[in-house]
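A quick write-up on the structure given underneath.
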Amino acid sequence: MARLLALTASALLVIAPGMARAAEPCLSPAEFSSLVGFALPGTIAGVAQRCGPSLPDGAFLRGPARGMIERYAAAKPTLWPGAKAAINKLSANAPTDISALLGQLPDPQQQQIVETMVTGMVAEKLPIARCSELDRLLAILSPLPPESTAEAIGLAIGLGSRAGQARLGKIVICTQ
Numbered sequence: 047m048a049r050l051l052a053l054t055a056s057a058l059l060v061i062a063p064g065m066a067r068a069a070e071p072c073l074s075p076a077e078f079s080s081l082v083g084f085a086l087p088g089t090i091a092g093v094a095q096r097c098g099p100s101l102p103d104g105a106f107l108r109g110p111a112r113g114m115i116e117r118y119a120a121a122k123p124t125l126w127p128g129a130k131a132a133i134n135k136l137s138a139n140a141p142t143d144i145s146a147l148l149g150q151l152p153d154p155q156q157q158q159i160v161e162t163m164v165t166g167m168v169a170e171k172l173p174i175a176r177c178s179e180l181d182r183l184l185a186i187l188s189p190l191p192p193e194s195t196a197e198a199i200g201l202a203i204g205l206g207s208r209a210g211q212a213r214l215g216k217i218v219i220c221t222q
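The sequence shown lines up with residues 47 to 222 when you count with our numbering.
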């Protein structure tokens, strides 16, 4: 799961280039949860795209995952304001022309960019060797609402962090 989340974070870094610079602001747990929750449908779709062909016929990612993706996608409109705030915060130090361009795009186009980047990065970079574990993990998480899954991911990252600083790749989560 950590590898999957790192791939999602990488995709978000491409969208908000300023996130890769030092001394970036941290995201509140709520902002992080909104960002992850918004990205989950694309992340799961990318995993299904990458892993589906290598899994047996009865695998979660070869069929039932579609329902999870649709259900999680239905929550995206309520998660977008928090996800957008997180992206704006993380891209604050991006070159002005990139920030201005992203800021001028209507929300539907911004959402489409995020979704496309996340799905594509995960589908391209996910190691096939992780597919069985991810299939099982997503099957276990599937009954949860997207907000709960996103919050659980944030808590797991916080629990697994060192030196009191929760982070996913270069995305820092405020601990206070």
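Every residue, glycine too, gets a C-beta built ideally from N, C-alpha and C. None of these values were measured; they are calculated from a predicted model.
Looking at residue i: is its Cβ nearer than 8 Å to the Cβ of residue j?
| i | j | result |
| --- | --- | --- |
| S100 | C177 | yes |
| D92 | E193 | Correcting the residue identity first, residue 92 is Gly in this sequence and not Asp. Contact flag unset, no. |
| Y118 | L148 | no |
| L136 | D181 | no |
| T165 | G88 | yes |
| L73 | A146 | no |
| L172 | R96 | yes |
| A138 | P71 | yes |
| I186 | I203 | no |
| A76 | G109 | no |
| Q157 | W126 | yes |
According to DSSP, is residue i part of a helix, a strand, or is it coil?
| i | result |
| --- | --- |
| A138 | coil |
| L151 | coil |
| P192 | helix |
| A202 | helix |
| G172 | Contrary to the premise, residue 172 reads as Leu rather than Gly in this sequence. Coil. |
| D181 | helix |
Can you pull the DSSP bridge partners for residue i?
| i | result |
| --- | --- |
| L214 | I217 |
| L73 | I219 |
Going by the C-beta, is residue i closer than 7 Å to any heavy atom of the ligand GDP?
| i | result |
| --- | --- |
| A212 | The ligand GDP is not part of the structure shown, which contains no ligands of any sort. |
Using 8 Å as the threshold, is the stretch 104-124 in touch with the stretch 147-155, meaning 3 or more CB pairs across them? In short, these stretches do not touch, since the Cβ pair count stays below three.
Secondary structure, beta strand (DSSP E): runs of 3+ residues fully inside the stretch 86-139: None, since the stretch 86-139 contains no complete beta strand (DSSP E) of that length.
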